[in-house]
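Residue numbers (the numbering used here): 3 to 266.
Every residue gets a Cβ at the ideal spot worked out from N, C-alpha and C, and that includes glycine.
Given the structure is predicted, the values throughout are model-derived calculations rather than measurements.
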């Protein structure tokens with residue numbers, strides 16, 4: 003294994019835009035969920051008339067979909083990801099990277115105030131939304147429209163997060179799928195499918211840890227190599243001894259239908 007300094011320098015300089023984790027290949031692993039979100043999304047999108055994907059990152063998931071609805075809109079709030087999305091859009095999307103028949107519209111927007119009229123989309127999707135703003139999701143869905151998403155679940159990667167931050171008892175209650183289901187119902191949605199999964203993660207070198215914490219900035223919000231050097235060096239020693247660092251991601255698959263609005 004290369005030196006601590008070499009691994010840290012490499013990970014600190016590597017690109018962390020988008021939602022592509024290929025940089026971790028051979029350095030970290032994560033079990034997949036049993037339901038295959040990307041495959042299900044690819045099957046659903048062509049059946050929609052107008053689809054909205056929220057917090058789409060760099061568009062990596064949508065880029066793998068071979069057929070899109072006549073109107074497809076991608077929203078993302080973070081500027082570097084928006085630029086990545088626009089570059090990808092002009093280069094083409096789809097599994098073959100050919101120029102698609104439908105070119106997605108890219109909109110820079112946060113999900114708490116979506117710049118779309120009521121009842122605009124019959125399908126709203128998201129893979130790992132930052133926060134599901136249920137009233138906005140319900141507002142832009144047509145009557146009987148569908149929300150289909152994979153959320154981050156409660157206590158996801160908390161072994162790694164609490165290694166750096168210490169115990170976070172209050173944060174452990176966030177992203178509870180039952181609470182999210184109840185909030186969706188209050189907003190006007192009926193949850194028709196709700197599944198959960200706990201997937202093992204392993205980190206094999208300290209560069210993988212640093213890159214991941216740079217990419218998932220909300221895990222350890224004040225993370226810098228200098229601030230957490232003692233913990234990083236201790237963890238590096240463990241990894242060099244052949245003991246990978248294990249954590250667990252949690253995921254929620256949720257599907258919900260927009261209940262018809264009351265006529266006035």
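**Asked** Going by C-alpha distance, which of 192, 131, 38, 41 is nearest residue 77?
**Response** Looking up residue 77 in the chain shown gives position 75. Nearest C-alpha to residue 77 among 192, 131, 38, 41: 131.
**Item:** Cβ-heavy atom distance, residue 80 to the ligand SAH, below 7 Å
**Value:** Ligands in the displayed structure: none, and consequently the ligand SAH is not present.
**Message:** Among 57, 150, 164, whose alpha-carbon lies nearest the alpha-carbon of residue 248?
**Reply:** By one-based count along the chain shown, residue 248 stands at place 246. For residue 248, the nearest C-alpha among the options comes from 164.
**Request:** Throw me the rounded Cβ distance for the residue 48 and residue 75 pair, which I believe falls under 8 Å.
**Result:** For the purposes of this step, residue 48 is taken as the residue at position 46 of the chain shown. For the purposes of this step, residue 75 is taken as the residue at position 73 of the chain shown. Actually they are not in contact, since the Cβ atoms of residue 48 and residue 75 sit about 16 Å apart, beyond 8 Å.
**Request:** Quick one: residues in its chain with C-beta nearer than 7 Å to the C-beta of residue 112, no 5 flanking neighbours on either side, listed in chain order?
**Result:** Numbered from its first residue, the chain shown carries residue 112 at position 110. Result list for residue 112: 79, in chain order.
**Prompt:** Would residue 203 be called buried (16 or more neighbouring beta carbons within 10 Å of its own) or exposed?
**Reply:** Counting from one through the chain shown, the residue named residue 203 turns up at place 201. Classification for residue 203: buried.
**Message:** Please list the terminal residues of the continuous beta strand (DSSP E) segment that includes residue 204.
**Reply:** Walking along the chain shown from the start, residue 204 turns up at place 202. 191-205 is the span of the beta strand (DSSP E), which, as asked, contains residue 204.
**Request:** Quick one: residues in its chain with C-beta nearer than 6 Å to the C-beta of residue 216, no 5 flanking neighbours on either side, listed in chain order?
**Result:** Here residue 216 refers to the residue found at position 214 when the chain shown is read from its first residue. Apart from sequence neighbours up to five positions away, the residues of its chain that approach residue 216 with a beta-carbon distance below 6 Å are 18, ordered along the chain.
**Residue interval of the alpha helix (DSSP H) (run including residue 147)** = Against the chain shown, residue 147 aligns to sequence position 145. That residue, residue 147, is in no alpha helix (DSSP H); its beta strand (DSSP E) goes 143-154.
**Item:** Where residue 157 falls: helix, strand or coil (DSSP)
**Value:** In the chain shown, the residue the question calls residue 157 occupies position 155. In this structure, residue 157 counts as coil in the three-state DSSP scheme.
**Request:** May I have the straight-line CA-CA distance separating residue 96 from residue 65, to the nearest angstrom?
**Result:** Counting from one through the chain shown, the residue named residue 96 turns up at place 94. Counting from one through the chain shown, the residue named residue 65 turns up at place 63. Note on residue 96: pLDDT 47, under 50, position unreliable in the model; no value is reported.
**C-alpha distance - residue 225 paired with residue 219, whole-angstrom precision** = In the chain shown, counting from the first residue as 1, residue 225 sits at position 223. In the chain shown, counting from the first residue as 1, residue 219 sits at position 217. Take the alpha-carbon of residue 225 and the one of residue 219: they are about 8 Å apart.
**Asked** Where does residue 95 fall in DSSP's three states?
**Response** Residue numbering aside, residue 95 sits at position 93 when the chain shown is read from its first letter. Residue placement at residue 95 is poorly supported in this model, since its pLDDT is 48, which falls under 50; the coordinates still yield a value, given next. Assigned with DSSP and collapsed to three states, residue 95 falls in coil, not helix or strand.
**Asked** Taking the alpha-carbon positions, what's the residue 127 to residue 50 distance?
**Response** Looking up residue 127 in the chain shown gives position 125. Looking up residue 50 in the chain shown gives position 48. CA-to-CA, the gap between residue 127 and residue 50 works out to about 11 Å.
**Item:** Per-residue burial, residue 181 [other beta carbons within 10 Å of its own, 16 or more giving buried]
**Value:** The residue given as residue 181 occupies position 179 in the chain shown. That one is exposed.
**Request:** In the DSSP assignment, find the unbroken beta strand (DSSP E) run with residue 75 in it and report its ends.
**Result:** Position 73 of the chain shown holds residue 75. Taken as a continuous stretch (DSSP letters only), the beta strand (DSSP E) holding residue 75 covers 73-78.
**Prompt:** To which residues does DSSP link residue 256 through a beta bridge?
**Reply:** Indexing the chain shown from 1 puts residue 256 at position 254. Paired residues: 151, 196.
**Prompt:** What number of angstroms, rounded off, separates the C-alpha of residue 12 from the C-alpha of residue 209?
**Reply:** One-based indexing of the chain shown puts residue 12 at position 10. One-based indexing of the chain shown puts residue 209 at position 207. Taking the straight line joining both Cα atoms gives about 7 Å.
**Cα-Cα separation, residue 227 to residue 14** = Sequence index remark: in the chain shown, residue 227 carries index 225 (1-based). Sequence index remark: in the chain shown, residue 14 carries index 12 (1-based). Using only the alpha carbons, I get a separation of about 8 Å.
**Message:** Looking only at its chain, what residues have a beta carbon closer than 6 Å to the beta carbon of residue 141, apart from the 5 residues adjacent to it on each side?
**Reply:** Along the chain shown, read from residue 1 onward, the residue named residue 141 stands at position 139. Once the five neighbours on either side are set aside, the close Cβ partners of residue 141 are 120.
**Asked** Where do the ends of the alpha helix (DSSP H) carrying residue 11 lie?
**Response** As a working mapping, residue 11 is identified with position 9 in the chain shown. That run of the alpha helix (DSSP H) goes 6-15.
**Three-state secondary structure assigned by DSSP to residue 249** = Residue numbering aside, residue 249 sits at position 247 when the chain shown is read from its first letter. Strand, per DSSP.
**Prompt:** Taking the C-alpha atoms as reference points, what is the distance between residue 186 and residue 258?
**Reply:** The residue you call residue 186 lines up with position 184 of the chain shown. The residue you call residue 258 lines up with position 256 of the chain shown. Cα to Cα, the separation comes out at about 8 Å.
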